[in-house]
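Per this note's numbering, residue 34 is the first one in the sequence shown, and the count goes up by one each step. The C-beta atom is built at its ideal place from N, Cα and C for all residues, glycine as well. The structure displayed is predicted, hence computed values, not measured ones.
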Amino acid sequence: MRDPVVTSVVATLSDISLVIGQDGKVRAAVAKPDSGFSGIVKDWIGQDFTAALDGDSAERYRVRCEDLATRAKSGDASPFRWVELVHKGIGSGGVPVRYAMHWVSQSEEVLLLGQDQRPVMEMQQQLMNAQIALEQDYEAQRELDTRYRLLMDFTSDAVALVSATTGMIVDLNHNAASLFGAARAELLDTPFAERFSGRRRGELMSALSSPMAVDAPGPIEVELKLSQRHVLLSSKLFRAAGEQLIFVRMSDPELGSVADGKLVANLRQLFYRGPDAMVFTDRDGNILTANETFLNLTDVSNPGAVQGRSVADFLARGVVDLKVLLENAQRAGQLRMYSTKLKTDFDATVAAEISATWLDDRLTPVLALVIRNASNAAARRGDTGAQDADMRGVMELVGSSTLKDIVAETTNVIEKICIETAIELTRNNRVAAAEMLGLSRQSLYVKLRKYDMLSRDED
């Protein structure tokens, strides 16, 4: 370091250059003029080098020096070591420097060429901050996506987002998918206008994208291609991320938005506070929702105890009653005043009349049941007046027929009444009637023929 040229070259190659003698003291020190060491390295000359280091760095330096000297004395042609040291007394937390350690064999000194690591640490910190910012943005985006999806799925309206440029469905909620009669994934990136009949694609899209104009028309009434239902389309044009989108709300034309909201609120109050039991099941008869009145009728403690259970568990004739309800409701759309008995969780029975409605205007059909406690009606039907009439009919046979004939005739009358009732309850479904009566189909047809209850075509 005595040659000015060598000193200049070394100073150019590194931020700080030091020569450490065998005694550990600094023999020479050079720093770049623009580095943070230019004003202090000269004070290190003649001082123990480890005094300028923190505790861990001083120990690390001693170990590396011993290893470097050992390698040099063992004949290593190019003894060389990297070491990262922290200089204390500079800045709040010290200054990290990465040194290249070279062994000077002639003088048995150590040449240290150091690079200030503060710019590297600052860059690493900037990268870390950028990574943290990206992760925070990602979490914020996920939170917004979750809120958006919850809003789309839990709103009672059928809504869709449509590209104003291409006319394709960008997004829609499950209510809209049910209205279109397809799964949500199948509807994405398909033409919105093709879901309706009676209007050209360009005409409909032009009408939907025009409400921003001064002479904007009101809601557009269209017909669904799949179900032929009429719906009202209300739209709002907006721009997001440079793309024009149309927010479309689909509603029943017979109900305005205010009336629709009031109807939903009224129906909700009727469900929770009405005197009749109400149950919604899936297409297999598994309970989706039941109101408090149903829980009271069946002696069930809480709504969670009935969700997922088959409604057949609460019907006296079990699967037979359920088949009658499902098959007739699916075939005719509804079934009125089906008489049966409810079975409670404690095996008690309650006379009931059930009206069923098949709600198939959605992707997943639902069976709606309204169940009325018919215990009082059953008691009225079985009062003394009806009993006296039945008794008089039987008593008229006394004296003109033997007891055996009277019993046989009474049995035939009761049997015929039971068969007629089963046929009426099942809407002339012979299979269900046979199951209800505990007969085979062949036995039922024999009895129908016996009582002349078959038409000539069937006979």
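Alpha-carbon spacing of residue i relative to residue j, whole angstroms
i	j	result
residue 417	residue 380	In this prediction, residue 417 has a pLDDT of 45, which is less than 50 and means its spatial position is unreliable; what the coordinates show is noted afterwards. Approximately 29 angstroms, taken between the alpha carbons.
residue 309	residue 377	16 angstroms
residue 369	residue 320	20 angstroms
residue 337	residue 386	24 angstroms
residue 331	residue 300	23 angstroms
residue 445	residue 458	20 angstroms
residue 322	residue 158	55 angstroms
residue 348	residue 342	12 angstroms
residue 248	residue 206	Low per-residue confidence applies at residue 248: pLDDT is 43, beneath 50, and the placement is therefore not dependable enough to give any value.
residue 472	residue 306	41 angstroms
residue 166	residue 175	14 angstroms
residue 447	residue 440	11 angstroms
residue 455	residue 403	21 angstroms
residue 199	residue 227	13 angstroms
residue 388	residue 371	6 angstroms
residue 190	residue 267	11 angstroms
residue 115	residue 59	18 angstroms
residue 364	residue 356	12 angstroms
residue 179	residue 149	46 angstroms
residue 289	residue 393	Confidence in residue 289 is poor, its pLDDT being 49 and thus under 50, which makes the residue's placement too unreliable to answer from.
residue 262	residue 208	15 angstroms
residue 436	residue 374	34 angstroms
Cβ pair residue i, residue j closer than 8 angstroms
i	j	result
residue 234	residue 224	yes
residue 195	residue 203	yes
residue 303	residue 362	no
residue 201	residue 222	yes
residue 86	residue 135	no
residue 345	residue 318	yes
residue 470	residue 481	no
residue 133	residue 113	yes
residue 255	residue 271	no
residue 49	residue 147	yes
residue 61	residue 70	no
residue 284	residue 297	no
residue 243	residue 279	no
DSSP bridge partner residues for residue i (one or two, in chain order)
i	result
residue 263	256
residue 319	343
residue 149	130
residue 224	201
residue 402	312, 389
residue 282	192, 267
residue 182	The partner list for residue 182 (beta bridge, DSSP) is empty, contrary to what the question assumes.
residue 273	276
For residue i, the first and last residue of its enclosing alpha helix (DSSP H)
i	result
residue 327	325 to 331
residue 86	It is not in any alpha helix (DSSP H) - residue 86 carries neither H nor E in the DSSP assignment.
residue 475	474 to 483
residue 464	463 to 470
residue 213	207 to 213
Host beta strand (DSSP E) of residue i (start-end)
i	result
residue 370	367 to 376
residue 234	First-last for residue 234: 234 to 241, but that is the alpha helix (DSSP H), not the beta strand (DSSP E).
residue 195	191 to 196
residue 487	Where residue 487 is concerned, there is no enclosing beta strand (DSSP E), given that its DSSP letter is neither H nor E.
residue 114	113 to 120
residue 123	No beta strand (DSSP E) contains residue 123, which DSSP labels as neither H nor E.
residue 50	49 to 53
residue 60	59 to 64
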